[in-house]
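Colleague:
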Amino acid sequence: MVLLSGGHPKRVLVQGVLFAAGASIGGAVAYGALGAVGGAVPGTSSSVGSIALGIGCLWAVVWYLHPTRVPFPSPQRQVNRRWAEVPLIGAIHFGAVLGVGLVTLIRTPLVWAGAVAVLATGSIRSGIFYGLAFGCARSFQVLRQRFYKPRTATDAATRVLLHGRRYHRAGTIAAGVLALLALGEHL
0 MVLLSGGHPK RVLVQGVLFA AGASIGGAVA YGALGAVGGA VPGTSSSVGS IALGIGCLWA
60 VVWYLHPTRV PFPSPQRQVN RRWAEVPLIG AIHFGAVLGV GLVTLIRTPL VWAGAVAVLA
120 TGSIRSGIFY GLAFGCARSF QVLRQRFYKP RTATDAATRV LLHGRRYHRA GTIAAGVLAL
180 LALGEHL
C-alpha cells in the first residue's frame, strides 16, 4: 500500500489514524446522504429496509456459494496515485473513498445490499450509523494488512493460502446471519 508504506513509524501511525477517520466520516456522509435520498421516496421505512437487507443478504449467500461469481460493476482504479501519495491529505482522501465503498473495487454483493437497504429505510440516522460501521470495517481491513506481520514463514504461507477461503466463508456466514436477522420479524 503506497499511502501507508515506509517512513517514520509515528508518521505511518498518524496516516493510519487519518485513513481510518477519513473512511468512517466518508462512509457516514455518503450513506447518510443515501438515507436522505431514500427519505424523499414514498414508501420507505425501517421495515422495508429490513426486507431489502434480508433479500440482499440472501442474494449474497447464493453469490458466495456459486462456483463462478459474476463480477460487480465498479471502477477499475480506486484513487489516483498522485492524490494518495500526498502526505496526510492523501490518507484522508483514500480513506474517504474506501469508506464510501460504491466508488471503489467491489468484491462482494454485501456492499450493494447495504446501500439498497439504507436507501430503502429512508433514514438519515440509519445511513450515518451504517456508513460509520462500513467505513470502520473497510479501514480495519487495510490497516490490518499494513500492521500485521506474520511471525514465521509458515504463518505467511498459511495466510496466503487460506485468505480467499476464509473470507468467502466469513462473508457467507455474515450474509446468512444478517438475512435471518433482517427477515426474522417479517417471516
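Residue numbers (numbering that gives the first Met the number 0): 0 to 186. Built from N, CA and C at the ideal position, the CB exists for glycine as well. Please read all numbers here as calculations on a predicted model, not as lab measurements.
(1) Could you have a look at residue 18 and say whether DSSP puts it in helix, strand or coil?
(2) From the DSSP output, in three-state form, read off residue 54 for me.
(3) Hey, how far is the Cα of residue 138 from the Cα of residue 39?
(4) DSSP state of residue 92, grouped into three classes?
(5) Under a Cβ-count criterion, where at least 16 other Cβ atoms within 10 Å of its own Cβ denotes burial, should residue 72 be classed as buried or exposed?
(6) For residue 123, does the three-state DSSP call read helix, strand or coil?
(7) Take residue 45 and list the residues in its own chain whose beta-carbon comes closer than 8 Å to its own, dropping the five residues that flank it on each side.
(8) Does residue 23 come out as helix, strand or coil in the three-state DSSP assignment?
(9) Determine the direct distance from the alpha carbon of residue 26 to that of residue 82, and round the result to whole angstroms.
(10) Secondary structure at residue 106, three-state DSSP: helix, strand or coil?
(11) Just the C-alpha distance for residue 109 and residue 30, rounded to the nearest angstrom, thanks.
(12) When burial is assigned at 16 or more other CB atoms within 10 Å of the CB, is residue 117 buried or exposed?
(13) Which word fits residue 107, buried or exposed, when buried means at least 16 other C-beta atoms lie within 10 angstroms of its C-beta?
(14) Leaving out five residues on either side along the sequence, give the residues of the same chain with a beta carbon under 7 Å from the beta carbon of residue 36.
(15) Could you tell me if residue 92 is buried or exposed, where buried requires 16 or more neighbouring beta carbons within 10 angstroms of its beta carbon?
Modeller: Let's see:
(1) By one-based count along the sequence shown, residue 18 stands at place 19. Three-state DSSP puts residue 18 in a helix.
(2) The residue you call residue 54 lines up with position 55 of the sequence shown. Secondary structure of residue 54 (DSSP, three-state): helix.
(3) Here residue 138 is taken as the residue at index 139 of the sequence shown, counted from 1. Here residue 39 is taken as the residue at index 40 of the sequence shown, counted from 1. Rounded to the nearest angstrom, the two C-alpha atoms are 30 Å apart.
(4) Numbered from its first residue, the sequence shown carries residue 92 at position 93. DSSP places residue 92 within a helical segment (H, G or I) once states are collapsed to three.
(5) For this step, residue 72 is matched to residue 73 along the sequence shown. When all chains shown are included, residue 72 counts as exposed.
(6) Position 124 of the sequence shown holds residue 123. Helix, per DSSP.
(7) Along the sequence shown, read from residue 1 onward, the residue named residue 45 stands at position 46. Closer than 8 Å at the Cβ level, and outside the excluded window around residue 45, lie 120, 122, 125.
(8) The residue given as residue 23 occupies position 24 in the sequence shown. DSSP places residue 23 in helix when its eight states are reduced to three.
(9) The residue given as residue 82 occupies position 83 in the sequence shown. The residue given as residue 26 occupies position 27 in the sequence shown. Spanning the two alpha carbons is a distance of roughly 19 Å.
(10) Start at 1 with the first residue of the sequence shown, and residue 106 comes out as number 107. Coil.
(11) If you number the sequence shown from 1, residue 109 lands on position 110. If you number the sequence shown from 1, residue 30 lands on position 31. Their Cα atoms are separated by approximately 14 Å.
(12) Your numbering for residue 117 matches position 118 in the sequence shown. Buried: at least 16 other Cβ atoms inside 10 Å.
(13) To locate residue 107, count along the sequence shown from 1; it is residue 108. By the 10 Å Cβ count, residue 107 comes out buried.
(14) Counting from one through the sequence shown, the residue named residue 36 turns up at place 37. Only 118 meet the Cβ criterion.
(15) Here the question's residue 92 lines up with position 93 in the sequence shown. Answer is buried; the Cβ neighbour count reaches 16.
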